[in-house]
Each structure stands twice: as C-alpha cells, then as structure tokens.
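J.:
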Amino acid sequence: MGLSSQEIMYRTIIPFLAPVIKDIFMQINPDNFNYLEEIRLRCAQPLLLKTGAQEWAVNRQGGLEKNLAAGYVVCEEDIFRTLISISDNSLYAFEEEIRRGFITIPGGHRVGLAGQVLMAGGEVKTIKDFSSLSFRIAREVKDCSLPLLRHIYQHNMPGSTLLISAPRCGKTTILRDLARNISAGNHWGPACTLSVIDERSELAGSYRGRVQMDLGPRTDVLDACPKALGMMMAIRALGPQVIITDEIGRQEDIAALQECINAGVTVIASAHARDLSEARKRPMLQEILACGAFQTLITLSRRQGPGTVEEIIRWD
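Structure (structure tokens):
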C-alpha cells in the first residue's frame, strides 16, 4: 500500500528542507498536506504552498495565510541549505539533472530550479546562483485509471490512446496508473510487456536509476531518454507490446509513432491542449492526430478535480 499524503511529507519531503523551513513545516497542521501539490521557495519572497486552485503563504509558526505579506520570507541561506540537502552535499553529481532544470529526490518528487542559466554552443551548460526552488509533489493514485480502461481496450488489448489537457489536470498520474494496470493485467485484458519512455523523469520518478513509482511487474523504464529515441530503442531491444510516454509534440515524435504502428506496438501518450479543437490548431499535434497513430482521444480537466474526463473520441 502506498504512503499517505502525510507520510509522503514527513518521510520524503520535509527531511530535504533547510533547517528553518523544516521547523516551519513540522508546525503545519498535517491535514493541510492532504491536497498539497507544490512548495515554492523564492529568495526574498514568502514561502508558498499550492493545493489545487488554492495558494497559501506559510508563516513562521506554520500557519497558512491568504495574505502573502504574512508569510515567512525565504532567504538565500534557505535556498542554499535546501540545495545542499537534495544534492546530498554534491551538486556536481547532479550536473546533468541541473542542466535539465530539475533534481529528482527519493519518492520521485521533482525539484524545479531557477537561477542564472549559463549557455555554451546554444545549449544549457549549467544553472548557478539559484534563486528559487519548486517542489512538485509526486503521488500515486492507484486505480484512478480504471474508468478509462474500457474505452482504451479493444479485443482484449489496449489500443493506442492520446490523453490531452491543460497542465496540472492529472495526465501524468493517469499514465502512471495505466502502466501499472496494463502491465499487471486487468478485467479488460491480460498482462502486457510495457516500456515507459520517461524523458522528464516524472512517470517513474527514477532516483539514481531506481524507479520510485509502481509501474507494474512487466514494465521497463528508459529514464531521461528523449521520447523519439526511446521509442526506437524500446522496439529494438525491449520487445514491448505497449509503450507509454508523456508530452509528445515534436517533429521527431511523428516518425517514431509511425515506427510503432509498423511494429504493431500500442502507444499511450499525453499532450498539452485543452481540447481537440485547440490540439488541431497546433501544427505538430495536428500532424500527429492526422498520422493515424491513435484510435482513442481522451480529454481531461480539473473541473471536478484533477483527472476529470471531459470527452472521449474513438476513431475506429
């Protein structure tokens, strides 16, 4: 059984915070952790928590305030001490992750980084003089994908499916649970061999090569691997029946999707768009939709909480 929201905070988030902020969090009413999605530390700005559509400042006594001016003001030392903690006293060891703009910590939580970006040859070399950190809380919501399975499966096998929504509507959480249910087998079909191409290290939440999320017993993960390259690698070396990946939308993704179709591999993926109409206005997504890779499109929103299903379209 997975950790509760409170256990997630006390075991996998709070230990990585700077001492002063850790002390503040130990004073927060634990019930306030139940819907926590983000923690924001910005130098010389109030400490902020985000819970769904709500945003709160946290005062020195751990109280939540709507008035941002009442919040504890994060200092440079808080940023530095938190960074040292999440990097295990060695920022150099996380050089590649820093270049990508985030560090993953145990539990699969992602800490976004902001500061001075140094470029070399048109690419990010590193980030220094860090000014803010954004903790994005990773949670497993087991069986949240069950209502979608009957729409995804065809003839006892999952069909290629695209999930679309605006950001923070539950796409990644649902993809994670789909991986677990498809890999393990379920009421709608037998277990499948599955590959997860996790370019942004969010689906599996891998920490130092170890998958932090339950993606099922027959799932292989290519962590921090570009999607198009990862799909090709999986087809050639891992023999998947199903590939799951997050946030497609680049030109190279189209060729990789075609290769998957030709190889008879199901692809379940996500993309950013509020609905089908908006997706069709984006050239790359329009091309992806037109290539015939997907049989089902599912639109999500936050209307009744993350993962609210707004529309299901089938192209048979």
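Counting with the numbering used here, you get residues 516 to 831 for the letters of the sequence shown.
For each residue, glycine too, the CB sits at the ideal point set by N, CA and C.
From a predicted model like this one, the values you see are computed outputs, not experimental measurements.
So, at 6 Å on beta carbons, what are the nonlocal neighbours of Gly627 in its own chain, with the 5 sequence-adjacent residues on each side left out?
T.: If you number the sequence shown from 1, residue 627 lands on position 112. Here the set comprises Phe617, Ser649.
J.: Which residue from Gly779, Arg526, Ser792, Tyr525 puts its Cα closest to that of Ile758?
T.: If you number the sequence shown from 1, residue 758 lands on position 243. Looking at the Cα atoms, Gly779 is the closest of the given residues.
J.: Please return the same chain residues whose Cβ sits closer than 8 Å to the Cβ of Asp644, not counting the five positions on each side in sequence.
T.: On the sequence shown, residue 644 is found 129 positions in, with the first residue counted as 1. Result list for Asp644: Gly630, Gln631, in chain order.
J.: To test your reading of the DSSP string, which unbroken beta strand (DSSP E) runs of 3 or more residues are found completely within the segment 640-690?
T.: 676-680
J.: State the start and end residues of the unbroken alpha helix (DSSP H) segment that holds Lys537.
T.: For the purposes of this step, residue 537 is identified with residue 22 of the sequence shown, where counting begins at 1. 534-542 is the extent of the alpha helix (DSSP H) around Lys537.
J.: Could you give the distance in angstroms between the alpha-carbon of Ala794 and the alpha-carbon of Glu552?
T.: As a position in the sequence shown, residue 794 is number 279, starting the count at 1. As a position in the sequence shown, residue 552 is number 37, starting the count at 1. The straight-line gap from Cα to Cα measures roughly 26 Å.
J.: Give the single residue among Glu802, Arg723, Gln819 whose Cα lies nearest to the Cα of Phe609.
T.: Translated into the one-based positions of the sequence shown, residue 609 becomes position 94. Checked all of Glu802, Arg723, Gln819; the closest Cα to Phe609 is Arg723.
J.: Out of Ala533, Arg555, Ile523, point me to the one whose CA is closest to Pro545's CA.
T.: The residue given as residue 545 occupies position 30 in the sequence shown. Nearest of Ala533, Arg555, Ile523 to Pro545, Cα basis: Ile523.
J.: Any idea what DSSP makes of Lys742, helix, strand or coil?
T.: Walking along the sequence shown from the start, residue 742 turns up at place 227. The answer is helix: DSSP assigns Lys742 an H, G or I state.
J.: Can the beta-carbon of Gly720 be found less than 8 Å from the beta-carbon of Ala653?
T.: Translated into the one-based positions of the sequence shown, residue 720 becomes position 205. Translated into the one-based positions of the sequence shown, residue 653 becomes position 138. Cβ distance < 8 Å, so Gly720 and Ala653 count as in contact.
J.: Taking the alpha-carbon of Asn549 as reference, which of Ser602, Ser519, Pro682 has the nearest alpha-carbon?
T.: Taking the first residue of the sequence shown as position 1, residue 549 is located at position 34. Among Ser602, Ser519, Pro682, the Cα nearest to that of Asn549 belongs to Ser519.
J.: Among Arg651, Glu592, Asp768, whose alpha-carbon lies nearest the alpha-carbon of Ala784?
T.: In the sequence shown, residue 784 corresponds to position 269, counting from 1. Out of Arg651, Glu592, Asp768, Asp768 has the C-alpha closest to the C-alpha of Ala784.
J.: Report yes or no: do the segment 727-736 and the segment 708-717 share at least 3 C-beta pairs separated by less than 8 Å?
T.: Short answer: they touch.
J.: Out of Ile828, Asp538, Arg817, Leu815, state which residue places its alpha-carbon closest to the alpha-carbon of Gly809.
T.: As a position in the sequence shown, residue 809 is number 294, starting the count at 1. The question names Gly, but residue 809 in the sequence shown is Phe. Considering only alpha carbons, the answer is Ile828.
J.: Taking His670 as the reference, give the member of Trp703, Lys686, Ser647 with the closest Cα.
T.: Position 155 of the sequence shown, counting from 1, holds the residue named residue 670. Selected option, being the one with the closest Cα: Trp703.
J.: In whole angstroms, what is the alpha-carbon distance linking Gly578 and Ile529?
T.: Counting from one through the sequence shown, the residue named residue 578 turns up at place 63. Counting from one through the sequence shown, the residue named residue 529 turns up at place 14. C-alpha separation (whole angstroms): 16 Å.
J.: What number of angstroms, rounded off, separates the C-alpha of Ile613 from the C-alpha of Asp831?
T.: Residue numbering aside, residue 613 sits at position 98 when the sequence shown is read from its first letter. Residue numbering aside, residue 831 sits at position 316 when the sequence shown is read from its first letter. Each residue's Cα considered, the two are about 44 Å apart.
J.: Helix, strand or coil, according to DSSP, for Pro561 in the structure here?
T.: Working through the sequence shown from its first residue, we reach residue 561 at position 46. Strand.
J.: Which first and last residues belong to the beta strand (DSSP E) in which Ile763 is found?
T.: Translated into positions along the sequence shown, residue 763 becomes position 248. Careful: Ile763 lies outside any beta strand (DSSP E) and carries neither H nor E.
J.: Quick one: grab the DSSP three-state call for Ala708.
T.: Locating residue 708 in the sequence shown gives position 193, where the first residue counts as 1. The residue you asked about is not Ala; residue 708 is Thr in the sequence shown. Coil.
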